[in-house]
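Single-structure report; data block below.
2 protein chains.
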Amino acid sequence: MSDSRTASVIALSGGIGGAKLALGLCKVLPPGGLTVIVNTADDFDHLGLRICPDIDTVLYTLAGLANPTLGWGRRDETWSFMQALESLGGETWFRLGDRDLALHVERTRRLHVGDSLTAFTADVARRWRVRAQVLPMSDDPVRTRIVTAEGELAFQDYFVRRRCAPPLRAVKFHGAPEARVAPQVQDALRPGQTSPPRAIIICPSNPYLSVDPILALPGMRALLRAAGAPVIAVTPLIGGEAVKGPTAKIMRELGLPPSPLTIANHYAGLIDGFVLDERDADLAGSLDLSLRVTNTLMSSLEDRERLAREVLQFADALARPRRSPA
Amino acid sequence: MSDSRTASVIALSGGIGGAKLALGLCKVLPPGGLTVIVNTADDFDHLGLRICPDIDTVLYTLAGLANPTLGWGRRDETWSFMQALESLGGETWFRLGDRDLALHVERTRRLHVGDSLTAFTADVARRWRVRAQVLPMSDDPVRTRIVTAEGELAFQDYFVRRRCAPPLRAVKFHGAPEARVAPQVQDALRPGQTSPPRAIIICPSNPYLSVDPILALPGMRALLRAAGAPVIAVTPLIGGEAVKGPTAKIMRELGLPPSPLTIANHYAGLIDGFVLDERDADLAGSLDLSLRVTNTLMSSLEDRERLAREVLQFADALARPRRSPA
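What follows is the structure, given as structure tokens:
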């Protein structure tokens, strides 16, 4: 009888919100017990450098290098490069710290000599002693394009340069139909001889901008469903608003009620359970889905670890009847 | 009658030693009165970035941004990028400061979109209010290769990574035979309707590594000779040693006496006058060339300006008989 406590946990994550729960999971699981599949559709080329915002946020967060003030980038950061670039008339709308820059320069060099994004990311995780496996969703280019009232924008133009101001009409994932799920992601979800994953957790990232690109990869939904583990989504909304980011704004612009119910329904057919915030407990009756109601706000490291433990307990409770029918 | 005092002065320069005299010239001449033609054969691609050490040293020096302690790079520099790159296992033998990096990243981007090195350099000089025209010798790639006792090395491998340790056998300038003198350099040396240059000054840079690549460009020697201005070289050696850099070491390895006489002879057929250091005054009788003997050591800004004035006076004295034969 395989013990689910030793099986791996798989998390799907975008940037900040997702990385918070990934850190909690990483802390409460044994080394190597967590695999994070990360959105790469926010990646872009800027100043000749390949920048992967979500991968970097996950790496920095899990390595203990994340900037606690900004919510993005590295801790103990300096900004000399940006100042000098400004004096040269360069593009400074996307802020790149001096330490952060090293990751982009080295990644660009490694990709140029033929290494895969997966291989480079694994190398960085190893060097920084990250205790989880961090996997880009794909080594092929997928690029989010935002259709707005002012025309179509590249993701970072919309998200950073325009600060999500232009009303959003639709989201496209260029390249997704042709992109291949990274082989290492396939391996993680199709464990072969080893036991199936303990749980698959959709972190509280923006469903429309951060999780949908992962789910848009051909075969990804089938891989998730066939992995033999309960799939759990954690709400990114509390009381009708996102903790951080434009999730609720985007939902209103798409004509969707900015409610956790909308998000649970968005994942219908994929998830086995949904984690609802206690501030939205009154909505529990409206959901025809296994639910866990708890405090999902992650302010401290203790919050992240507590939520991670609760999500894992919830997954285990959902898994038990499936693994060993009474 | 054209007044030579308003005509332009042209300096040929490598990095540090040349930039010192260029700064002196820039300070004592009116704005726009100096054009510096800079060696680009030390340029190389590193970490995916185009780095132009001599152009950068000249730009930083003339903009008042040079690092006074290191002798290369920028003042008020920070080193976060290098520290982070090291943690990623990146190549750190060529030190790139955070501010310095902005110049390389922006240049690489601009070259990639089709701008010339000349156009980018002019743009930087303008933004930094450099009062001189800074011209790369060529927009075409010329790359110095050092033939050593241990085999052939790319210039920066020899100069920085190996610190000039391997005994030098020969110097090659790859690409020089096919490279075109930059059009703006041609314009500066062929002034057309305007008056000829007041003087052409070969700065006290390494003749073999920094000046020879400029002179190796097809047509460059003829342009210098035909410009109608006295050509003056300033010794880079004082008492048989270079103030900085491997000039004397290289001369010994090439079997050449490390003497200013050797250097004056090296420029034979090109120069009209030679500036000898007062510590080598005893050699004056051995040179069949117009000479100025003075203190060529440039420790302070005052030294740079004084030497610049003396070199210009020397040039004017050499020019007068040619301009208006008595």
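Line by line, the protein sequences are chains A and B.
Each residue of the first sequence is one higher than the last, beginning at 103 in our numbering.
Each residue of the second sequence is one higher than the last, beginning at 103 in our numbering.
Even for Gly, the Cβ is constructed at its ideal location relative to N, Cα and C.
Cβ separation of Asp156/B and Val130/B, assumed to be a contact under 8 Å, to the nearest whole Å: Actually they are not in contact, since the Cβ atoms of Asp156/B and Val130/B sit about 22 Å apart, beyond 8 Å.
Cβ-based neighbour list, Pro243/B, same chain, cut-off 6 Å, excluding 5 preceding and 5 following: Gly277
Relative to the C-alpha of Ile77/A, which candidate in Leu389/A, Arg211/A, Arg292/A has its C-alpha closest? Nothing about residue 77/A can be reported from this structure: the residues present for chain A run from 103 to 428 only.
In whole angstroms, what is the alpha-carbon distance linking Val333/B and Leu403/B? 24 Å
Alpha carbon of Lys346/B to alpha carbon of Pro170/B, nearest angstrom: 14 Å
Backbone secondary structure at Ala168/A - three-state DSSP: strand
Please state whether DSSP places Lys129/A in a helix, a strand or coil. helix
Taking C-beta to C-beta, are Pro362/A and Thr337/A nearer than 8 Å? yes
Compare the C-beta of Ser182/A against all C-beta atoms of chain B and say whether one is closer than 8 Å. yes
Compute the Euclidean distance between the alpha carbons of Gly375/A and Asp145/B, then round it to the nearest angstrom. 59 Å
Whose C-alpha, out of Met239/A, Asp390/A, Ser392/A, Ala383/A, is nearest the C-alpha of Thr398/A? Ala383/A
Return the chain-ordered list of same chain residues with a C-beta closer than 7 Å to the C-beta of Leu319/B, the five sequence neighbours on each side being excluded. Met239, Ser240, Ala278, Ala281, Val283
Could you tell me the boundaries of the alpha helix (DSSP H) in which Ala186/A lies? 182-189
Answer yes or no: do Val287/A and Leu237/A have a C-beta to C-beta separation smaller than 8 Å? yes
Out of Leu172/A, Ala221/A, Arg211/A, Gly191/A, point me to the one whose CA is closest to Arg212/B's CA. Gly191/A
Identity of the residue in Glu188/A, Leu151/A, Phe183/A nearest Leu198/B by Cα: Phe183/A
Note the first and the last residue of the continuous alpha helix (DSSP H) segment covering Glu355/B. 349-355
Between Leu123/A and Cys266/A, is the Cβ-Cβ spacing less than 8 Å? no
Going by DSSP, what residue range makes up the beta strand (DSSP E) through Leu358/B? Element bounds for Leu358/B: n/a, residue is neither H nor E.
Based on DSSP bridge pairs, tell me the residues matched to Asp235/B. Note that residue 235/B is Gln in the sequence shown here, rather than Asp. Beta-bridge pairing links Gln235/B to Thr137/B.
Where does Ala421/A land, buried or exposed, given buried means 16+ other C-beta within 10 angstroms? buried
State yes or no: is the C-beta of Ile373/A within less than 8 Å of the C-beta of Ala329/A? no
Does the CB of Ala428/B have a neighbour CB from chain A at under 8 Å? Below a pLDDT of 50, predicted positions are generally treated as unreliable, and Ala428/B, at 40, falls in that range; no measurement from the model is reported.
Integer-rounded CB distance, given that Gly117/A should sit under 8 Å from Thr159/A: 4 Å
Beta-carbon gap between Thr364/B and Val377/B smaller than 8 Å: no
Whether Arg406/A touches Ala186/B by CB criterion (8 Å): no
Which residues in chain B sit within 7 Å of Leu190/A, going by Cβ to Cβ distance? Ala204, Leu205, Glu208, Val226, Arg229
Could you round the C-beta distance between Thr250/A and Leu270/A to whole angstroms and report it? I think they count as a contact, below 8 Å. 6 Å
Suppose the cutoff is 6 Å on Cβ atoms and the five residues either side in sequence are ignored; what does the same chain contact list for Ser426/A look like? The pLDDT assigned to Ser426/A is 44, lower than 50, so where the model puts this residue is not dependable; a value taken from the coordinates is nonetheless given after this. Within the same chain, Ser426/A has no close Cβ partners at all.
Given this structure, state the Cα-to-Cα distance separating Leu219/B from Arg209/B, to the nearest angstrom. 8 Å
Please name the residue or residues paired with Phe376/A in a DSSP beta bridge. Ala335/A, Leu393/A
Given Ala227/B as reference, the closest of Thr137/B, Asn367/B, Val313/B, Asp314/B once Cα atoms are compared: Thr137/B
Could you tell me the distance, in whole angstroms, from the CA atom of Val313/B to the CA atom of Ser115/B? 7 Å
For Arg176/B, count the other beta carbons within 10 Å of its own beta carbon; 16 or more makes it buried, fewer makes it exposed. Which is it? buried
With C-beta atoms as the reference, is Ala331/B less than 8 Å away from Arg300/B? yes
With distances taken between CB atoms, is the gap from Phe222/B to His148/B smaller than 8 Å? no
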